[in-house]
Amino acid sequence: MLHPNIRRADRSILDPQKTDALLSNRHLYLRNPLILALNRYRSNCFSAVHEWFKNHHFVEVSAPLITHSILYEPNSAIQVSNLRTSKTLFLSQCAGFYLEAAAHAHERVYNLGPSFRNESRTNRHLMEYWHVKAELCSGNMDDIMDLVEIFLHDVFTALLKHTKDVTALLGTQQPGIQIPFARITYREALELLNSRGHQVSFGQNISKPAEDLLTSHFGGPVWLTHKPRGLEPFPYCVCPDDEELTMTADLISSGGFGEICGVAEKSFSRQDLELRLQEKGKSEMQDMYGWVLQSRDFGMVPHTAFGMGFERMLRWFCGVGHVKDMVPFPRIFGRDPTP
């Protein structure tokens with residue numbers, strides 16, 4: 007049960023004008039009834055996520071937080087210093103390389119753990135956040151999108167059942183998740199957006215106003231599929247029907263909360279992976295990615311993956327304006343960590 011004062015929570019505590027005070031004194035504001043409720047909701051969601059993966063026969067794999075192999079560009083990575091090693095080390099951006107290796111032992115694996123990125127300061131970015139990652143040695147892009155929809159529906163339903171006191175206080179949570187979600191290809195989205203006055207050229211990311219237009223058009227969450235190869239990291243398959251595109255998709259949540267999940271078919275051929283590394287200017291980084299390439303030499307099957315920002319998912323579920331309010335002690339780009 008929550009403290010009796012929980013019913014007197016004031017949502018003005020989340021006002022952007024109070025951000026500095028809220029973050030500088032987070033150790034005290036954790037006692038605020040609304041912050042308390044959000045943290046209780048977060049705790050229950052951890053349990054629901056682990057239970058879902060257990061019920062769907064996934065093996066939990068612990069991935070290292072210190073790594074030499076990063077998924078994205080070095081300028082978005084956080085380097086670790088003062089370690090006695092000859093290699094340049096970073097805080098993990100993504101557990102994907104390690105889950106890929108583990109999936110070829112266990113077939114279905116997942117990880118719920120921290121990731122670290124030097125990302126822009128917006129209401130949906132944190133430097134340190136929790137990542138729901140899964141890899142399967144089966145299926146295709148449509149299959150993994152189906153799986154994510156079931157995951158979101160089941161986890162949200164479990165939270166509705168077990169956190170009624172918290173959700174009653176929040177008052178802004180989603181009324182329910184109706185699946186399946188709409189799906190639109192990147193090229194189709196460009197046609198729709200350009201016809202509505204949002205000028206987007208091929209190869210550009212979709213802006214937030216454009217995301218909002220797509221979800222408004224479809225009346226709910228929408229999958230943006232087959233994104234350009236220039237926008238996506240090197241491990242993902244190129245579309246066999248259009249080599250300018252990849253076998254990837256992003257889930258854009260409704261209500262203006264933006265992208266919360268990405269899915270992909272993963273390259274399982276060494277030749278294909280080397281080509282993608284060359285495209286990204288990383289072909290000389292054998293020391294960083296040699297073991298990832300070697301995995302292909304010893305046999306690898308077609309496999310799929312998804313990655314979801316845990317706090318982004320919670321923010322969408324709860325209808326909260328800033329992702330920082332979904333973590334007890336947020337770490338934000340460009341701001342000294344206090345406490």
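Numbering (my numbering), first residue to last: 7 to 345. Ideal Cβ positions, reconstructed from N, Cα and C, are used throughout, including at glycine.
Where residue i sits in the DSSP three-state scheme
i	result
Tyr116	strand
Leu388	Here the chain comprises residues numbered 7 to 345, so residue 388 is not present and cannot be evaluated.
Ser289	coil
Met319	helix
His4	Outside the shown range of the chain (7 to 345) lies residue 4, about which nothing can therefore be said.
His56	helix
Gly305	coil
Val333	coil
Val326	coil
Gly340	coil
Leu8	Bear in mind that a pLDDT of 47 at Leu8, under 50, signals an unreliable position, so the number given afterwards is only what the model happens to contain. Coil, per DSSP.
Ser49	helix
Ser18	helix
Gly296	helix
Spatial distance of residue i from residue j (CA atoms)
i	j	result
Leu36	Cys324	17 Å
Ser275	Arg302	6 Å
Leu29	Arg337	9 Å
Trp58	Glu125	30 Å
Lys265	Met151	The identity of residue 265 in the sequence shown is Glu, whereas the question assumes Lys. If I take the Cα positions, the gap works out to 14 Å.
Pro239	Leu166	35 Å
His204	Arg235	22 Å
Phe162	Gln292	42 Å
Gly5	Pro80	An answer regarding residue 5 cannot be provided, because it is not within the stretch 7 to 345 covered by the chain.
Gly119	Glu249	33 Å
Ser201	Leu299	43 Å
Val172	Cys267	25 Å
Lys24	Gly262	22 Å
His346	Ile183	The displayed coordinates of the chain run from 7 to 345. Any statement about residue 346 would go beyond what the structure contains.
Leu230	Ile212	10 Å
Gly313	Ser289	25 Å
His159	Asn88	44 Å
Ser259	Met319	9 Å
Ala347	Met133	Nothing in the structure corresponds to residue 347, since the chain is present only between 7 and 345.
Ala54	Leu105	21 Å
Pro241	Ser273	6 Å
Pro308	Glu285	21 Å
Leu142	Ala111	11 Å
Asp342	Asp26	11 Å
Val115	Ala311	10 Å
Leu20	Asp247	47 Å
Ser98	Ile76	7 Å
Arg48	Gln277	42 Å
Phe316	Thr91	32 Å
His33	Asp331	13 Å
Asn117	His63	13 Å
Asn129	Trp322	12 Å
Leu220	Asp256	12 Å
Gln210	Asp148	23 Å
Ala270	Thr254	4 Å
Pro186	Pro227	9 Å
Ala108	Thr344	36 Å
Paired residues, beta bridge with residue i - DSSP
i	result
Leu97	Ile72
Val86	Leu95
Val65	Val115
Ser121	Tyr135
Test: residue i CB closer than 9 Å to a CB of chain B
i	result
Pro22	Reference to chain B is not applicable here, since this structure consists of a single protein chain.
N- and C-terminal bounds of the beta strand (DSSP E) containing residue i
i	result
Ala311	His309 to Gly315
First and last residue of the uninterrupted alpha helix (DSSP H) at residue i
i	result
Leu36	Unbroken run through Leu36: none, as it is neither H nor E.
Leu29	Thr25 to Ser30
| task | Output the residue ranges of the beta strand (DSSP E) runs that lie fully inside the segment 199-283 and measure 3 residues or longer, sorted by chain position. | result | Qualifying beta strand (DSSP E) stretches, in chain order: 228-231, 254-259 and 264-272.
| query | Which ranges would you report for the alpha helix (DSSP H) in the segment 134-194 if only whole runs of at least 4 residues count? | reply | Along the length of the segment 134-194, whole alpha helix (DSSP H) runs at least 4 residues long occupy 147-168 and 170-176, reported in chain order.
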